[in-house]
Amino acid sequence: MSEQSQIAPAEPDEQGVAPATLADPAAQSSPTTPATGAQARGLLRALRPKQWIKNLLVAAAPGAAGVLSHGDVIGKVALAFVAFCMVSSATYLINDVGDADEDRHHPLKRQRPIAAGVVSPRLAIVTALALIAGGFAVAATVRWGFLALLAGYLAVTIAYTFWLKHMAVFDIAVVASGFIFRAVAGGIAVDVPISRWFLIVTSFGSLFMVAGKRYSEHVTMGAEREVTRSTLATYSREYLRYVYTMASGVTLAGYCLWAFEQSKLEGPVPWFELSIVPFAVGVLRYALLLEEGYGGAPEDVVLGDRPLQVLGVIWLILFGAGVSVAH
23 MSEQSQIAPA EPDEQGVAPA TLADPAAQSS PTTPATGAQA RGLLRALRPK QWIKNLLVAA
83 APGAAGVLSH GDVIGKVALA FVAFCMVSSA TYLINDVGDA DEDRHHPLKR QRPIAAGVVS
143 PRLAIVTALA LIAGGFAVAA TVRWGFLALL AGYLAVTIAY TFWLKHMAVF DIAVVASGFI
203 FRAVAGGIAV DVPISRWFLI VTSFGSLFMV AGKRYSEHVT MGAEREVTRS TLATYSREYL
263 RYVYTMASGV TLAGYCLWAF EQSKLEGPVP WFELSIVPFA VGVLRYALLL EEGYGGAPED
323 VVLGDRPLQV LGVIWLILFG AGVSVAH
């Protein structure tokens with residue numbers, strides 16, 4: 023089996039859908055009252071725990087600053103991660119309740135727990151409110167600034183769910199902002215200054231992944247893309263390729279300039295400059311997977327592609343060595 027064949031187009035998982043053979047559409051579009059055990063499992067699936075990997079971005083700024091081992095920093099980062107997991111899962115529930123009727127007519131999305139009737143809208147909303155309250159309570163123990171940023175993330179995400187997701191360009195920008203919120207939140211949580219290079223790399227890196235996701239959806243869904251996401255009918259493949267190509271170029275340039283700037287903090291071994299190699303090759307590898315339609319969910323690409331994982335480990339070792347020497 024080839025390396026790339028290990029990754030399946032990941033939209034089902036990204037949308038909270040368990041891969042399965044589709045049954046009769048009429049049967050799946052009729053919600054039923056599930057048993058308690060099935061409802062609990064469905065609720066857990068609706069929280070989309072696979073996407074919690076995105077929330078690890080809260081460790082990016084403290085890690086780059088070399089302060090993860092200082093005092094209670096790691097504890098605050100862990101609390102920030104938990105808070106984002108709770109609030110982001112709440113937004114997934116709210117989104118699925120709002121889209122339930124439309125999802126029941128979609129060949130894949132009708133398997134979502136709420137659309138399939140496994141989880142009732144009432145239970146989903148109650149759970150979402152509880153998660154938001156819990157997430158805000160956890161955030162308040164970190165820093166008030168972090169709580170304010172988390173509230174901003176929630177507001178933007180809800181605006182996306184009910185309005186901005188139907189506006190071309192804005193939908194890409196808002197989804198990309200979710201990654202930026204997470205990355206900046208980590209710095210705010212532990213009071214670490216956010217550098218201009220960090221903002222450039224995270225902002226355009228996020229845009230690269232989100233535009234690539236839209237491109238992958240455009241490729242895999244074909245003529246049905248408008249049913250999947252209304253804005254896809256507005257985008258051409260050429261436009262989406264332009265966006266993620268531009269974003270990847272700025273990301274690479276920003277990272278290179280940052281690495282060269284850090285050289286004055288290093289010892290005899292140029293760790294940060296060396297980390298450019300796996301970083302650049304990783305971006306190129308990810309772009310190749312996008313071209314083949316495997317970028318439907320960034321987390322599935324990262325977890326499913328072995329070469330990308332190896333590059334990530336090499337980059338982490340070189341980057342970590344540079345941070346340890348510099349700080």
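Throughout the sequence shown, residue numbering follows the numbering used here, covering 23 to 349 in sequence.
Every residue gets a Cβ at the ideal spot worked out from N, C-alpha and C, and that includes glycine.
Of the residues the options, the one placed nearest residue i, counting alpha carbons only
| i | options | result |
| --- | --- | --- |
| residue 347 | 286, 323 and 309 | 286 |
| residue 208 | 172, 311, 108 and 331 | 172 |
| residue 192 | 282, 312 and 252 | 252 |
| residue 351 | 126, 211 and 179 | Here the chain covers residues 23 to 349 and nothing more, so residue 351 does not appear. |
| residue 158 | 167, 105, 333 and 195 | 105 |
| residue 113 | 298, 181 and 137 | 181 |
| residue 234 | 213, 195, 215 and 284 | 195 |
| residue 256 | 190, 90 and 120 | 190 |
| residue 74 | 107, 155 and 265 | 107 |
Neighbourhood of residue i by C-beta distance below 7 Å, restricted to the same chain and skipping five residues each side
| i | result |
| --- | --- |
| residue 140 | 56, 60, 61 and 64 |
| residue 293 | 340, 343, 344 and 347 |
| residue 187 | 193 |
| residue 143 | 119, 122 and 136 |
Residue i in three-state terms, based on DSSP
| i | result |
| --- | --- |
| residue 160 | helix |
| residue 168 | helix |
| residue 94 | coil |
| residue 276 | helix |
| residue 217 | coil |
| residue 300 | helix |
| residue 292 | coil |
| residue 142 | coil |
| residue 317 | coil |
| residue 243 | helix |
| residue 256 | coil |
| residue 119 | helix |
| residue 88 | coil |
| residue 236 | helix |
| residue 327 | coil |
| residue 134 | coil |
Status (buried if at least 16 other CB within 10 Å, exposed otherwise) for residue i
| i | result |
| --- | --- |
| residue 218 | exposed |
| residue 304 | buried |
| residue 151 | exposed |
| residue 258 | exposed |
| residue 174 | exposed |
| residue 93 | exposed |
| residue 290 | exposed |
| residue 148 | exposed |
| residue 153 | buried |
| residue 84 | buried |
| residue 273 | buried |
Same chain only: Cβ atoms within 6 Å of residue i, ignoring 5 sequence neighbours per side
| i | result |
| --- | --- |
| residue 336 | 300 |
| residue 117 | 183 |
| residue 69 | 111 |
| residue 228 | 198, 201 and 202 |
| residue 268 | none |
Whole-number beta carbon distance between residue j and residue i, since they are thought to touch under 8 Å
| i | j | result |
| --- | --- | --- |
| residue 340 | residue 306 | No, residue 340 and residue 306 are not in contact; Cβ-Cβ is about 17 Å, not under 8 Å. |
| residue 146 | residue 176 | That belief does not hold up - the Cβ atoms of residue 146 and residue 176 are roughly 16 Å apart, past 8 Å. |
| residue 76 | residue 204 | 6 Å |
| residue 72 | residue 321 | 6 Å |
| residue 270 | residue 230 | 5 Å |
| residue 101 | residue 164 | 5 Å |
| residue 381 | residue 281 | Past the boundaries of the shown model lies residue 381; the chain is included only from 23 to 349, so the question cannot be answered. |
| residue 317 | residue 311 | 6 Å |
| residue 276 | residue 222 | 4 Å |
| residue 89 | residue 95 | 5 Å |
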